[in-house]
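Residue numbers (our numbering): 319 to 495.
We treat Cβ as the ideally placed atom computed from N, Cα and C, and that holds for glycine.
Report on one structure; see the data block that follows.
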Amino acid sequence: MEANTAIYEGLKSFLDFGDADAENLKSLGPIMETHGKTLTDRFYEKLAGVPETARLIEGRVDALKQTHARWMSELFAGDYGEGYFHSRWKIGLTHVKVGVPPHYVEAVVSFLRVESEHVLSKELTGDDIANKHGSLTKILDLDLMIINLAYAFERVDRLCQFTGMSRKLIERCIEKG
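Pasting the structure below:
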């Protein structure tokens, strides 16, 4: 897990995600709180319209909407350290365990990027839109990267269990091709 935390820190550095982004995101909290329910509703309507994801959310939409609202509030809390990483890692593992295909996680993040830009363009003006949406895009992408790391970790873990091979050996095989 430490290696993954280091990857997260490296990704934040690569994206130049820093204090200014954290402040931008905190400032978006009230805006997204106002529009978050609508975004969440639209997000779950999209998922319900796809047979592959509809079966995963059937009978659980209200509870999932509450979880999604908590996730969104964490996006704008301003703390993006190790605790944030571990929270997103758990989300990734949960998605793996319930069988959410990773391409739908990526599609949802894309949906949120686009929809959030529409929201911000109604609430902000000029350079503020691009600046704050840039910070939001970075954190959404970081979330996606963490979730993808969790998918990769879990898949290697399953392969280790299935084959009886060590993680180190499987990872070396993957690296060597």
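Residue i beta carbon near the ligand COA (any heavy atom closer than 7 Å)
{"i": "V416", "result": "The ligand COA is not part of this structure, which contains no ligands at all."}
Contact check, residue i vs residue j, beta carbons under 8 Å
{"i": "T455", "j": "F403", "result": "no"}
{"i": "T352", "j": "A387", "result": "no"}
{"i": "E435", "j": "R360", "result": "no"}
{"i": "G346", "j": "F394", "result": "According to the sequence as given, residue 346 is Leu; it is not Gly. Yes, the pair counts as a contact, with Cβ atoms nearer than the cut-off."}
{"i": "I447", "j": "S453", "result": "no"}
Buried or exposed by the 16-neighbour rule on C-beta atoms within 10 Å, applied to residue i
{"i": "L487", "result": "exposed"}
{"i": "I465", "result": "buried"}
{"i": "G367", "result": "exposed"}
{"i": "G401", "result": "exposed"}
{"i": "K450", "result": "buried"}
{"i": "G354", "result": "buried"}
{"i": "S331", "result": "exposed"}
Spatial distance of residue i from residue j (CA atoms)
{"i": "E320", "j": "E327", "result": "11 Å"}
{"i": "D339", "j": "I409", "result": "22 Å"}
{"i": "V379", "j": "Y362", "result": "7 Å"}
{"i": "L365", "j": "L462", "result": "17 Å"}
{"i": "W407", "j": "G444", "result": "35 Å"}
{"i": "E489", "j": "A372", "result": "34 Å"}
{"i": "R485", "j": "K494", "result": "14 Å"}
{"i": "I375", "j": "R431", "result": "22 Å"}
Reference residue i, options the options, closest by Cα
{"i": "N342", "options": "H413, Q479, L442", "result": "L442"}
{"i": "V418", "options": "L430, A468, I447", "result": "A468"}
{"i": "Y398", "options": "D337, Y422, C491, L477", "result": "D337"}
{"i": "R473", "options": "D446, P369, T412", "result": "T412"}
- Tell me, please, whether the segment 421–428 touches the segment 458–477 by the rule of three or more beta-carbon pairs shorter than 8 Å. Touching, yes, given that three or more Cβ pairs across the two stretches are closer than 8 Å.
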